[in-house]
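Written out below as structure tokens is the structure these notes cover.
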Amino acid sequence: MKYKKVKFFFMVLLCLLFVYSVYANSPPARIGGLITVDGSVLTQATFSGYSVVVKKQDSSSYQPAAQCTSLNTSDWYLIDIPIYHATLNPEGATSGDTAKIHLFYNGQELIINNPSNGQLIVGQSGSATHMDITAMTNQTINSGPAAGTTIFSSKGFFSVPPTNIDIPASSPAVFPFGIIDFTISDVPPGEEITVTFTTPDPIPTNCVYYKYQNDEFYIYSRVSGLDDGDNTFTITLADGEKGDDDGLVNGIISDPGGPGLPNSRKAFSIPTLTQWGIIFFFLILSGIGHIKIYRYRENN
Ligand SMILES: [Ca+2]
Ligand SMILES: [Ca+2]
Numbered sequence: 260m261k262y263k264k265v266k267f268f269f270m271v272l273l274c275l276l277f278v279y280s281v282y283a284n285s286p287p288a289r290i291g292g293l294i295t296v297d298g299s300v301l302t303q304a305t306f307s308g309y310s311v312v313v314k315k316q317d318s319s320s321y322q323p324a325a326q327c328t329s330l331n332t333s334d335w336y337l338i339d340i341p342i343y344h345a346t347l348n349p350e351g352a353t354s355g356d357t358a359k360i361h362l363f364y365n366g367q368e369l370i371i372n373n374p375s376n377g378q379l380i381v382g383q384s385g386s387a388t389h390m391d392i393t394a395m396t397n398q399t400i401n402s403g404p405a406a407g408t409t410i411f412s413s414k415g416f417f418s419v420p421p422t423n424i425d426i427p428a429s430s431p432a433v434f435p436f437g438i439i440d441f442t443i444s445d446v447p448p449g450e451e452i453t454v455t456f457t458t459p460d461p462i463p464t465n466c467v468y469y470k471y472q473n474d475e476f477y478i479y480s481r482v483s484g485l486d487d488g489d490n491t492f493t494i495t496l497a498d499g500e501k502g503d504d505d506g507l508v509n510g511i512i513s514d515p516g517g518p519g520l521p522n523s524r525k526a527f528s529i530p531t532l533t534q535w536g537i538i539f540f541f542l543i544l545s546g547i548g549h550i551k552i553y554r555y556r557e558n559n
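Next comes the structure, spelled out in structure tokens:
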């Protein structure tokens with residue numbers, strides 16, 4: 260009996276030594292800090308519904324998962340990124356790897372502005388890095404004709420960064436800020452949202468808001484503040500209704516469009532004839548002329 264107790268004791272000791280040796284060889288790399296969304300620092304009280312996860316660059320998860328679903332008493336998130344160990348953490352990170360922070364609200368991922376695109380370099384095993392996170396539900400377009408334009412949605416989140424898309428040759432207007440493509444997710448299904456645009460330059464007062472859907476343009480009327488000469492205007496969109504590119508009541512509103520100046524050149528363009536058309540037209544005119552001269556001579 261005594262022998263069995265001693266044997267059990269040594270087995271437990273060996274296990275503890277093994278775990279300690281592995282941990283001592285590859286403790287995780289810790290990151291932590293404040294999280295700011297739309298300029299407001301999240302607190303323990305407002306963190307409900309949020310979660311933070313660090314994943315590999317290819318979006319696969321570390322094992323054990325590097326995540327955080329609550330803040331500490333200093334309102335900091337803390338995440339331990341497991342470091343690779345051949346025995347205990349074969350799915351861990353290697354120091355120097357690029358990883359990515361993902362911030363979710365009610366399962367919907369927000370776009371992180373800082374660190375840029377949520378990317379970070381995994382620190383040394385056992386390190387602790389202060390890394391505040393900033394995310395915004397309103398977005399700034401960084402390149403293209405709309406560069407510097409900010410877009411704010413009254414509900415939901417921009418699930419992909421808004422961007423300019425190519426203007427088709429069939430465009431009926433000149434778009435001073437291009438056609439802006441954006442997708443807002445986590446909208447209460449079927450509800451209306453307002454989307455506010457603030458451009459870097461004043462918007463010409465004779466602009467109208469064009470939507471670009473199914474390769475066609477049409478003028479959208481649920482717009483306010485577009486004709487007052489300043490640099491901001493608002494459009495109202497409803498999930499699943501006209502103006503929502505996916506046409507479904509699914510909590511996602513997709514809306515390519517932008518303020519455009521009706522293309523007067525196209526509106527008043529004159530049909531032109533080909534070279535053969537001009538020759539044919541000339542021959543007809545010439546024939547009519549000859550007939551009229553012939554009749555005039557006959558009558559006189
Ligand atoms: Ca305005
Ligand atoms: Ca929809």
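So for the sequence shown, the numbering used here puts the first residue at 260; every next one is plus one.
C-beta: ideal position from N, C-alpha, C; glycine also.
So the candidates are S384, P427, A405; which of them puts its Cα closest to the Cα of N348?
As a first step, residue 348 is located in the sequence shown; it is residue number 89 there, counting from the start. That would be S384, whose Cα lies nearest to the Cα of N348.
If you follow the beta strand (DSSP E) that S418 is part of, which residue opens it and which one closes it?
Here residue 418 is taken as the residue at index 159 of the sequence shown, counted from 1. Run containing S418: 416-424, per the beta strand (DSSP E) assignment.
Please determine whether the Cβ atom of I370 lies at a distance below 6 Å from any heavy atom of ligand 2.
As a working mapping, residue 370 is identified with position 111 in the sequence shown. Outside the cutoff, so no.
How many whole angstroms separate the CB atoms of P287 and P341, which I take to be in contact at a CB cut-off of 8 Å?
In the sequence shown, the residue the question calls residue 287 occupies position 28. In the sequence shown, the residue the question calls residue 341 occupies position 82. P287 to P341, Cβ: 5 Å. Contact.
If you run the structure through DSSP and keep just helix, strand and coil, what is F363?
Here the question's residue 363 lines up with position 104 in the sequence shown. The answer is strand: DSSP assigns F363 an E or B state.
Please look up how many angstroms separate the CB atoms of I392 and I494, rounded, as I've assumed it's under 8 Å.
As a working note, residue 392 is residue 133 in the sequence shown. As a working note, residue 494 is residue 235 in the sequence shown. 30 Å between Cβ atoms; not a contact.
Cut-off 6 Å between Cβ atoms - residues of its own chain near A387, not counting five sequence neighbours on either side
As a first step, residue 387 is located in the sequence shown; it is residue number 128 there, counting from the start. Cβ within range, chain order: R289.
Would T458 pass as a contact of F436 if the rule is Cβ separation under 7 Å?
Sequence index remark: in the sequence shown, residue 458 carries index 199 (1-based). Sequence index remark: in the sequence shown, residue 436 carries index 177 (1-based). Yes, the pair counts as a contact, with Cβ atoms nearer than the cut-off.
Would you mind sorting N423 into buried or exposed? The rule is 16 or more other CB atoms within 10 Å of its CB.
Taking the sequence shown and counting its residues from 1, one reaches residue 423 at position 164. Buried, because 16 or more other Cβ atoms sit within 10 Å of the Cβ of N423.
Pick helix, strand or coil for S483, following the three-state DSSP scheme.
Mapped onto the sequence shown, residue 483 falls at position 224. S483: strand per DSSP, three-state reduction.
Taking buried to mean at least 16 other C-beta atoms within 10 Å of its own C-beta, is K314 buried or exposed?
By 1-based counting over the sequence shown, the position of residue 314 is 55. Per the 10 Å Cβ criterion, buried.
With respect to the beta strand (DSSP E) encompassing C254, which residues constitute its N-terminal and C-terminal limits?
Only positions 260 to 559 of the chain appear in the structure, and residue 254 is not among them; the question remains open.
For ligand 2, I want to know if G499 counts as a neighbour, meaning its beta carbon is within less than 6 Å of at least one of the ligand's heavy atoms.
Here residue 499 corresponds to residue number 240 of the sequence shown, with the count starting at 1. True, at least one ligand heavy atom lies under 6 Å from that Cβ.
Residue environment, K263, which counts as buried when at least 16 other CB atoms sit within 10 Å:
By 1-based counting over the sequence shown, the position of residue 263 is 4. Exposed, because fewer than 16 other Cβ atoms sit within 10 Å of the Cβ of K263.
In its own chain, which residues sit with a C-beta less than 6 Å from the C-beta of S214, not counting the 5 before and 5 after it?
Outside the shown range of the chain (260 to 559) lies residue 214, about which nothing can therefore be said.
Is the Cβ-Cβ distance between F416 and L369 less than 7 Å?
As a first step, residue 416 is located in the sequence shown; it is residue number 157 there, counting from the start. As a first step, residue 369 is located in the sequence shown; it is residue number 110 there, counting from the start. In this structure, L369 lies closer than 7 Å to F416 by Cβ.
Identified DSSP bridge partners for A405:
Counting from 1 along the sequence shown, the entry for residue 405 is found at position 146. Answer is none; A405 lacks a bridge partner.
Taking A394 as part of the beta strand (DSSP E), name the residues at either end of that continuous run.
If you number the sequence shown from 1, residue 394 lands on position 135. Segment 392-394, the beta strand (DSSP E) holding A394.
Note down, in chain order, each residue of its chain lying with its Cβ closer than 6 Å to the Cβ of Y364, except the 5 sequence neighbours on either side.
Along the sequence shown, read from residue 1 onward, the residue named residue 364 stands at position 105. Excluding sequence neighbours, Y364 sits near G308, Y309.
Given Y343, which residues of its chain have a CB within under 6 Å of its CB, disregarding the five upstream and five downstream residues?
On the sequence shown, position 84 is the one that residue 343 refers to. Same-chain partners within the cutoff: G351, T353.
For G377, collect the residues of the same chain with a Cβ closer than 6 Å to its Cβ; drop the 5 residues on either side in sequence, then sort them by chain order.
Numbered from its first residue, the sequence shown carries residue 377 at position 118. Excluding residues within five positions, the ones whose Cβ falls inside 6 Å are K359, I360, I371.
What is the rounded straight-line gap between the Cα of G311 and the Cα of N401?
For the purposes of this step, residue 311 is taken as the residue at position 52 of the sequence shown. For the purposes of this step, residue 401 is taken as the residue at position 142 of the sequence shown. Checking the sequence, you will find Val at residue 311 rather than Gly. Using only the alpha carbons, I get a separation of about 25 Å.
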